[in-house]
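Structure first, commentary second.
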Amino acid sequence: MAESTGAAGTDGDEGFRDDFVRGFSEYWQSQGRPRTEGRIVGYLLLADREAVSAEEIADGARVSRGSVSQSVRRLREMGFVEMVGAPDSRSRLVAMDEDVWGGFLRNERSYLRRQRDLAASALERLPSLSPPARNRLRNMHDYMSWLDDYHDTLLSHWEEFKAGRDRGASEGGGA
Numbered sequence: 067m068a069e070s071t072g073a074a075g076t077d078g079d080e081g082f083r084d085d086f087v088r089g090f091s092e093y094w095q096s097q098g099r100p101r102t103e104g105r106i107v108g109y110l111l112l113a114d115r116e117a118v119s120a121e122e123i124a125d126g127a128r129v130s131r132g133s134v135s136q137s138v139r140r141l142r143e144m145g146f147v148e149m150v151g152a153p154d155s156r157s158r159l160v161a162m163d164e165d166v167w168g169g170f171l172r173n174e175r176s177y178l179r180r181q182r183d184l185a186a187s188a189l190e191r192l193p194s195l196s197p198p199a200r201n202r203l204r205n206m207h208d209y210m211s212w213l214d215d216y217h218d219t220l221l222s223h224w225e226e227f228k229a230g231r232d233r234g235a236s237e238g239g240g241a
């Protein structure tokens, strides 16, 4: 494999990178997402450069070049990656934020609100629903509302956790 990670590593490092990408893609697929997306996310998590080309992704994730464009489009919609300009070029590179998981949490809100609104419209437009169906939809609506309201707390706690971790690391506490 070409040095798509941006740094030369030992064969052991490269083998572990391959194993990580494979393992991440298996987990991703177990959650109902395409394995190719998982290979790309796994590769980007380990990429040594802030932004990489589609060719580098195809090579490093061991996926077809054609699948990179389609997968990156979906990953952008989910908030996992963004497109950035390449220095001295008209081409675009794919970048993953260092806190992609916090970003995912922030972007999840639109999903929750769409699901909440869908449940609300069913409750409103289908007044003859049976009590069990109405309860399922009411629980769907209320769960999505509750989780959406709780996102501010989750994000605040995540930022506090990272700050404490970083304080500990700067004081010699490790990772």
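Sequential numbering from 67 applies to the sequence shown in this note's numbering. Ideal Cβ placement from N, Cα and C applies to all residues, glycine included.
Cβ pair residue i, residue j closer than 8 Å
| i | j | result |
| --- | --- | --- |
| F86 | L110 | no |
| A152 | S135 | no |
| R105 | S96 | no |
| L189 | H207 | yes |
| L213 | L184 | no |
| M246 | N173 | The displayed coordinates of the chain run from 67 to 241. Any statement about residue 246 would go beyond what the structure contains. |
| V166 | I123 | no |
Pick from the options that is closest to residue i, judged by C-alpha positions
| i | options | result |
| --- | --- | --- |
| A117 | M162, G132, S137 | M162 |
| R182 | R191, L203, F170 | L203 |
| D84 | G168, V129, L195, S155 | V129 |
| D79 | A186, G132, D114, V107 | D114 |
| N201 | G98, A186, R99 | A186 |
| V147 | R131, D154, G238, F170 | F170 |
| E164 | S155, V107, F82, G98 | V107 |
| A127 | F82, S155, R156 | F82 |
Residue range of the unbroken beta strand (DSSP E) whose run includes residue i
| i | result |
| --- | --- |
| E148 | 148-151 |
| R158 | 158-161 |
Same chain only: Cβ atoms within 7 Å of residue i, ignoring 5 sequence neighbours per side
| i | result |
| --- | --- |
| E103 | W94, S137, R140, L141 |
Opening and closing residue of the alpha helix (DSSP H) in which residue i lies
| i | result |
| --- | --- |
| L213 | 197-236 |
| R180 | 166-191 |
Any non-hydrogen atom of the ligand ZN within 7 Å of residue i CB
| i | result |
| --- | --- |
| R231 | With respect to the ligand ZN, the structure shown offers nothing to examine, as it has no ligands at all. |
Contact set for residue i: own chain, Cβ-Cβ below 6 Å, skip 5 residues either direction
| i | result |
| --- | --- |
| R158 | M149 |
| G168 | W224 |
| G72 | Confidence is the limiting factor: at G72 the pLDDT is only 43, short of 50, which leaves the residue's position unreliable, though a coordinate-based value still follows. Around G72: D114, R115. |
| R101 | S91, Q95 |
Cβ neighbours of residue i in the same chain (closer than 8 Å, five flanking residues each side left out)
| i | result |
| --- | --- |
| A74 | Note that A74 scores a pLDDT of 45, beneath 50, so its modelled location is shaky and nothing firm can be said. |
Contiguous alpha helix (DSSP H) assignments of at least 4 residues, all confined to the stretch 70-154: List check, alpha helix (DSSP H) in window: 77-96, 101-112, 120-127, 131-144.
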